[in-house]
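In this note's numbering, the protein residues as written are 3 to 235. Have a look at the structure below before the remarks.
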Amino acid sequence: MKIIDIIILSFAKSQQHYLLTINAIKSLKESKLNSCFNVIIVETNPSVNYDELGVKTLHFDEPFNYNRFANKAINTCKSELIGVFNNDVIFDDNWFSEIVKLDIGLSIFSCSPISLTSSSQREFYNCKIPVHGYGIARELSGWAIVFTRELWLKIGGLSEVVSFWCSDDVYAQQLKKHNLNHFLIPTSIVNHVENGSNTLKTLNADVKENLTYGQARIYNKEFNDNKFGLNNR
Numbered sequence: 003m004k005i006i007d008i009i010i011l012s013f014a015k016s017q018q019h020y021l022l023t024i025n026a027i028k029s030l031k032e033s034k035l036n037s038c039f040n041v042i043i044v045e046t047n048p049s050v051n052y053d054e055l056g057v058k059t060l061h062f063d064e065p066f067n068y069n070r071f072a073n074k075a076i077n078t079c080k081s082e083l084i085g086v087f088n089n090d091v092i093f094d095d096n097w098f099s100e101i102v103k104l105d106i107g108l109s110i111f112s113c114s115p116i117s118l119t120s121s122s123q124r125e126f127y128n129c130k131i132p133v134h135g136y137g138i139a140r141e142l143s144g145w146a147i148v149f150t151r152e153l154w155l156k157i158g159g160l161s162e163v164v165s166f167w168c169s170d171d172v173y174a175q176q177l178k179k180h181n182l183n184h185f186l187i188p189t190s191i192v193n194h195v196e197n198g199s200n201t202l203k204t205l206n207a208d209v210k211e212n213l214t215y216g217q218a219r220i221y222n223k224e225f226n227d228n229k230f231g232l233n234n235r
């Protein structure tokens with residue numbers, strides 16, 4: 003049976019945020035094939051760990067960067083399958099067994115589970131076969147991405163050009179650059195608790211701007227895009 007290294011990025015700055023991560027871990031451990039999971043929580047709050055739940059906790063003493071933190075966690079493990087997830091997700095019982103039963107057998111592969119709480123994925127709710135595409139929050143669930151280690155090595159790791167918003171956009175750009183496909187797996191369900199963390203609402207205006215539209219401007223400049231209608235200068 004395939005083993006998957008599961009990276010969950012968390013910032014337990016309050017009891018509410020801590021419980022989001024706890025619920026993600028518990029739902030993961032209750033899902034089928036849970037013996038295949040090597041779970042690593044990258045926790046931004048240095049005083050919080052999840053040892054009592056039998057998972058590994060990592061803390062990095064540096065400014066937060068979603069993809070960089072994911073890369074650093076991936077470097078600590080060695081499974082051929084890797085999953086990178088937000089902490090505001092709930093894993094369905096069959097989420098991983100649905101991916102495994104595809105019997106992909108590919109050394110280079112990228113996919114996302116679907117979220118039945120995401121209106122942007124509604125058109126795929128009743129689909130039974132993988133759907134190819136790179137649409138953010140459509141075929142590519144930025145809160146839940148699974149790929150092979152060989153793919154990660156081929157693209158040079160997850161791009162760290164942005165730190166928060168657009169981290170999934172740059173991943174899509176990396177796949178396109180290397181002519182690599184991405185698939186939504188509509189029978190594999192990892193529900194995104196939309197607005198579950200509300201972390202951005204707790205930040206001051208300048209920090210929030212930097213992590214959101216500031217990152218979008220960096221992305222636009224890097225890829226000559228116009229995301230959110232922002233110019234790329």
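Note that the Cβ used here is the ideal one computed from N, Cα and C, for glycine as well.
Annotation note: the segment 141-184 contains the following uninterrupted alpha helix (DSSP H) runs of length 4 or greater, listed N- to C-terminal: 151-156 and 169-179. G85 is bridged by DSSP to I8 and V148. I6 and L21 have their alpha carbons spaced roughly 24 Å apart. A direct Cα-to-Cα measurement between S121 and N47 gives close to 31 Å.
In the DSSP assignment, I42 falls within the unbroken beta strand (DSSP E) covering F39 to E45. Assigned with DSSP and collapsed to three states, L186 falls in strand. Within the same chain, and ignoring the five residues on either side of V148 in sequence, the residues whose Cβ sits closer than 6 Å to its Cβ are G85 and C113. Counting C-beta pairs with one atom in each stretch, the segment 59-73 and the segment 92-103 have fewer than three that are closer than 8 Å, which means they do not touch.
In this structure, A72 lies away from L30, with their beta-carbon atoms at least 8 Å apart. By a beta-carbon distance limit of 8 Å, I42 contacts T78. Their separation comes to about 7 Å. Using a Cβ distance threshold of 8 Å, P188 and I116 count as a contacting pair. Where T59 is concerned, the enclosing beta strand (DSSP E) starts and stops at K58 to L60.
The C-beta of I131 has fewer than 16 other C-beta atoms within 10 Å across all chains shown, which makes the residue exposed.
Judged by DSSP secondary structure, I76 falls outside any beta strand (DSSP E) and instead within the alpha helix (DSSP H) spanning Y68 to I76. Between I110 and L153, the beta carbon gap of about 5 Å places them in contact (Cβ cut-off 8 Å).
Inclusion of Q176 and F225 in the CB contact set at 8 Å is not warranted, their separation being larger than that value. Counting the other CB atoms within 10 Å of its CB gives D63 a total below 16, which places it among the exposed residues. In summary, L108 is exposed, with fewer than 16 beta-carbon neighbours lying within 10 Å of its beta-carbon over all protein chains present. Cα atoms of S190 and A146: separation of roughly 11 Å, rounded to the nearest angstrom. L182 is the residue among L35, L182 and G135 whose C-alpha sits nearest the C-alpha of K156. Here the C-alpha atom of D171 lies approximately 31 Å from the C-alpha atom of S49. Around the Cβ of Y221, a 10 Å sphere holds 16 or more other Cβ atoms; the residue is buried. Taking the Cβ atoms as the reference, H184 lies roughly 7 Å from G135, within the contact range of under 8 Å.
Beyond the five residues adjoining it in sequence on each side, Y215 comes within less than 7 Å, by CB distance, of F230 and L232 in the same chain, given in chain order.
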